[in-house]
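Here the protein sequences line up with chains P and Y, keeping their order.
In terms of this note's numbering, the first sequence opens at residue 1 and continues consecutively.
In terms of this note's numbering, the second sequence opens at residue 1001 and continues consecutively.
Below is one structure, written out as structure tokens; the observations come after it.
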Amino acid sequence: MITHSIQHRTALIGLMLAGFLPAIASAEENASFTLAQTIQDRIAKGEKPIIRVSYHDVSNEFAPFIKKGVEKAVADFGVDAKLVGPVGADAEKQVSEIESLIEKGVDGLAISSVSTDALAPVIQRAMARGIPVVTFNTDNPSSKRLAFVGQNLVESGRVAGKLLADTLGGKGSVIITTLDAAAQWSIDREKGAREALGKYPDIKILTTVTTGTEPQQIYGSIENAMQAHPNVDGILSLECCSTPAAGQYVQRNGLADKVKIVGFDLLPETIKLVQGNVVAATIDQGPEKQSYDAVQLLLDVLKGKKIQDVDTGAVVYTSKNIGDYVVASKEQKQ
Amino acid sequence: MTPQTLSKNASPATDLKARIGSIIAARETGVLLALLVICVFLTFATSSFLTVRNLLNVGRQISLLGIMAIGMTFVLVSREVDLSVGSTYAISGLVTGMLIVRGSALIPALSAGLLVGMVIGAMNGVLSTYGKLPSFIATLGMLSVVRGAALLITDGQPVTVDTTRGGRSEVVDQFYQLGQGQLFGIIPMLLVCFLIVAAISWLVLAKTTFGFRVYAVGGSEKAARLSGIQVFHTKILTFTLMGLLSAIAGILSLAFLPSGQAGRTGVGLELDVIAAAIVGGASLSGGEGTILGTIFGTLIIGILRNGLVLLSISPFWQTTAIGLVIICAVGIDKWTGLRRSQ
Chain P
1 MITHSIQHRT ALIGLMLAGF LPAIASAEEN ASFTLAQTIQ DRIAKGEKPI IRVSYHDVSN
61 EFAPFIKKGV EKAVADFGVD AKLVGPVGAD AEKQVSEIES LIEKGVDGLA ISSVSTDALA
121 PVIQRAMARG IPVVTFNTDN PSSKRLAFVG QNLVESGRVA GKLLADTLGG KGSVIITTLD
181 AAAQWSIDRE KGAREALGKY PDIKILTTVT TGTEPQQIYG SIENAMQAHP NVDGILSLEC
241 CSTPAAGQYV QRNGLADKVK IVGFDLLPET IKLVQGNVVA ATIDQGPEKQ SYDAVQLLLD
301 VLKGKKIQDV DTGAVVYTSK NIGDYVVASK EQKQ
Chain Y
1001 MTPQTLSKNA SPATDLKARI GSIIAARETG VLLALLVICV FLTFATSSFL TVRNLLNVGR
1061 QISLLGIMAI GMTFVLVSRE VDLSVGSTYA ISGLVTGMLI VRGSALIPAL SAGLLVGMVI
1121 GAMNGVLSTY GKLPSFIATL GMLSVVRGAA LLITDGQPVT VDTTRGGRSE VVDQFYQLGQ
1181 GQLFGIIPML LVCFLIVAAI SWLVLAKTTF GFRVYAVGGS EKAARLSGIQ VFHTKILTFT
1241 LMGLLSAIAG ILSLAFLPSG QAGRTGVGLE LDVIAAAIVG GASLSGGEGT ILGTIFGTLI
1301 IGILRNGLVL LSISPFWQTT AIGLVIICAV GIDKWTGLRR SQ
């Protein structure tokens, strides 16, 4: 009947549009954004672009790497780029600093948000003024930022979960440790980890332990958790800092053969523990690459190019390949 | 406990009654009772609590908090407060760590860290006395100044004490022994250090002239001055002592977990330190508080944390629980205080 075929056609068109919608959306973001006239003039005159990279906590252990990425971008592209951001993850301070930068005049902003809700408005304001904004390391999906450079956190959680499951041979009991189970990055990684571990019917997740952020407290929380669950087979750490603490606990209590650990990032202690096979695997998020690529993307926008998200990936290091990382980072220092 | 003067003419029975009465009325008894209630509850609620292993763990976990809470007791008794302790703890440990990694011998490295702590303490003291600043403000400012200094000297990078980064192996081994060793093969060194610090501090606060002066200054600054006590000198000494104890804790913390980072180590510690002292009976209005009480207060916080993890209770309850404990501790003290003064 006619109505049927009209319905079919509408449905078909609807489906096609739905498929194209994400592409249309990001194209829209790119398209609906116009570079401010003042910035266009500066670029036309050949002046050095002023880029500011705002990281959510310049006092944490990743900040030196983020800074290195920015410095490398300065060396490679000849741009005026600097790392800025609050000492301690303070959303208000980050917002005020960005507002001052907007007033002072800046050609591009790369932002890793302390909190997505707190930073979204200032990102909108910057874009409305014609200043290109990309997010890096920590995304702000509710804002209309032009692109995101960083690790897909849910996917990285899946990778970690699968790594631990394989190390355990598909069975055993696991505890998950994290600095803050309520933080968005932790929720994302935990989601991925539980998805991956859930595929193994003989693996049981006993509990998620929030350790806090102070090093002594992290160690103490893991100690207490292991007291409560002495027969645990594996520990999955969702971040940089409970990884080495878990490794140290296992090592000091002679449990390295019994308890397997998978975690994140490449703190000096973690590298040592991976080399010693106490931590089975750790996942790098490439913080240097994140800030470097973010600056590069902003420069592309200033040149009039269209940009897309960059997934900096989840590089796995085990005792087999950790040596390569150590050598490479030593060479970089020279 | 305040010294009780007993009449020479009273009979031994009345003496005993009076002694027992004063023990029951003492603040520390209340805190001890609360501590025992929590312990009894945990013993029944989980089989992992009352084991030698767990208790030694908890003992070690509270040692550094305890050392600093003891320092805070002196400061609170003198009617001041020190909010910069977390930053002092961090920078002292980092200074010692950096020196060891640059090939220093152990004693110079330890001394440098302790000196840094004492200097910061002395600065807090001078700002709060001759500087005429309320100690809350002075130490709040120093909290950021010292944290910033720690970030600057380490450039935000972690400091890891081991031989691969340049530490001499005998020095590194001795440093590890200091933090990770065990007396008689079973008692953690951190706990041993805490007990030594506690014993010496109890002697100083309860039995020396200096201790008496601290109470006098906190009880009434005017009266203390009129009776010839050097109020400013006393206060500067309590702050310097606080700085020294923060440094001891910070250095031991690095000896136990050989990696520290200026942006993370000791952040927020001041709240737990003040809470431990106040739960143990010290008062923000000065003149009250004892080392024994502080030890009980520290134990309550440590055992609460331990218990919440053993019982797999949501970690967000930990923060709520500590807050409730402070409110109850101070509240109960106020209500029983009213009764005592009647």
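All residues carry an ideal CB built from backbone N, CA and C; glycine is no exception.
Check                                                                                                                                 : Outcome
Proximity test, Cβ basis, 8 angstroms: T38 (chain P) and chain Y                                                                      : no
Burial state of W1335 (chain Y) (16 or more Cβ within 10 Å)                                                                           : exposed
Helix, strand or coil at Q1261 (chain Y) according to DSSP, with G and I counted as helix                                             : coil
Those residues which DSSP pairs with Y317 (chain P) across a bridge                                                                   : P:T282
Three-state secondary structure assigned by DSSP to T1014 (chain Y)                                                                   : helix
Within-8 angstroms CB hit, L267 (chain P) to chain Y                                                                                  : yes
Span separating the alpha-carbon of M1123 (chain Y) from that of S1201 (chain Y)                                                      : 22 angstroms
The region 1145-1158 of chain Y: positions lying closer than 8 angstroms to chain P by Cβ                                             : R1147, G1148, L1151, D1155, G1156, Q1157 and P1158
Alpha helix (DSSP H) segments (min. 4 residues) lying fully within the region 156-214 of chain P                                      : 184-198
Closer than 9 angstroms at the beta carbon, the chain P residues around Q1230 (chain Y)                                               : By Cβ distance, chain P contributes nothing, its closest Cβ being about 37 angstroms from Q1230 (chain Y), past 9 angstroms.
8 angstroms Cβ cutoff, E239 (chain P) in contact with chain Y                                                                         : no
A38 (chain P) (DSSP reduced to helix, strand or coil)                                                                                 : Here residue 38 (chain P) is Thr; the residue named in the question, Ala, does not match the sequence. Three-state DSSP puts T38 (chain P) in a helix.
Closer than 7 angstroms at the beta carbon, the chain P residues around R1102 (chain Y)                                               : Simply none; closest approach about 16 angstroms.
Through-space distance from A81 (chain P) to A128 (chain P), alpha-carbon basis                                                       : 22 angstroms
Closer than 7 angstroms: F1212 (chain Y) CB and nearest the ligand COA heavy atom                                                     : With respect to the ligand COA, the structure offers nothing, as it holds no ligand at all.
Residues, ordered as in the chain, of the region 1261-1272 of chain Y that lie near chain P by beta-carbon distance below 8 angstroms : Q1261, A1262, G1263, R1264, T1265, G1266, V1267, G1268 and L1269
Span of the beta strand (DSSP E) around R1305 (chain Y)                                                                               : From DSSP, R1305 (chain Y) is part of no beta strand (DSSP E) but of the alpha helix (DSSP H) over I1291 to L1310.
Cβ-based neighbour list, G1097 (chain Y), same chain, cut-off 7 angstroms, excluding 5 preceding and 5 following                      : V1159, V1161, L1254 and G1260
Beta carbon of I271 (chain P) nearer than 8 angstroms to that of V326 (chain P)                                                       : yes
DSSP state of R1102 (chain Y) mapped onto helix, strand, coil                                                                         : coil
Contact set for T1294 (chain Y): own chain, Cβ-Cβ below 8 angstroms, skip 5 residues either direction                                 : G1066, A1069, I1070, M1072, T1073, A1276, A1277, G1280, G1281 and A1282
Minimum Cβ-Cβ distance from E61 (chain P) to chain Y less than 8 angstroms                                                            : yes
Near-chain Y residues of the region 81-97 of chain P - C-beta to any C-beta below 8 angstroms                                         : V87 and G88
Within chain Y, the residues that S221 (chain P) reaches when beta carbons sit closer than 7 angstroms                                : V1309
Exposure of Y1215 (chain Y), with buried meaning 16 or more beta-carbon neighbours within 10 Å                                        : buried
T1160 (chain Y) - partner residues in DSSP beta bridges                                                                               : Y:S1259
At least 3 beta-carbon pairs within less than 8 angstroms: the region 201-209 of chain P vs the region 170-187 of chain P             : yes
Chain Y contact residues for E214 (chain P), given Cβ-Cβ distances below 8 angstroms                                                  : R1264, T1265, G1266, V1267, G1268 and L1269
Test item: CB-CB of A294 (chain P) and V134 (chain P) under 8 angstroms                                                               : yes
Option nearest I32 (chain P) by Cα separation, candidates P:E103, P:I131 and P:S100                                                   : As written in the sequence, residue 32 (chain P) is Ser, which differs from the Ile given in the question. The option with the nearest alpha carbon to S32 (chain P) is P:I131.
Within chain Y, partners of T207 (chain P) - CB distance below 7 angstroms                                                            : S1312
Beta-carbon proximity check, V106 (chain P) vs S291 (chain P), cutoff 8 angstroms                                                     : no
Given 8 angstroms, three or more beta-carbon pairs between the region 1081-1092 of chain Y and the region 1233-1250 of chain Y        : yes
Short CB-CB distance (under 8 angstroms) between L1143 (chain Y) and chain P                                                          : no
DSSP state of T1320 (chain Y) mapped onto helix, strand, coil                                                                         : helix
Span separating the alpha-carbon of L1050 (chain Y) from that of I1332 (chain Y)                                                      : 28 angstroms
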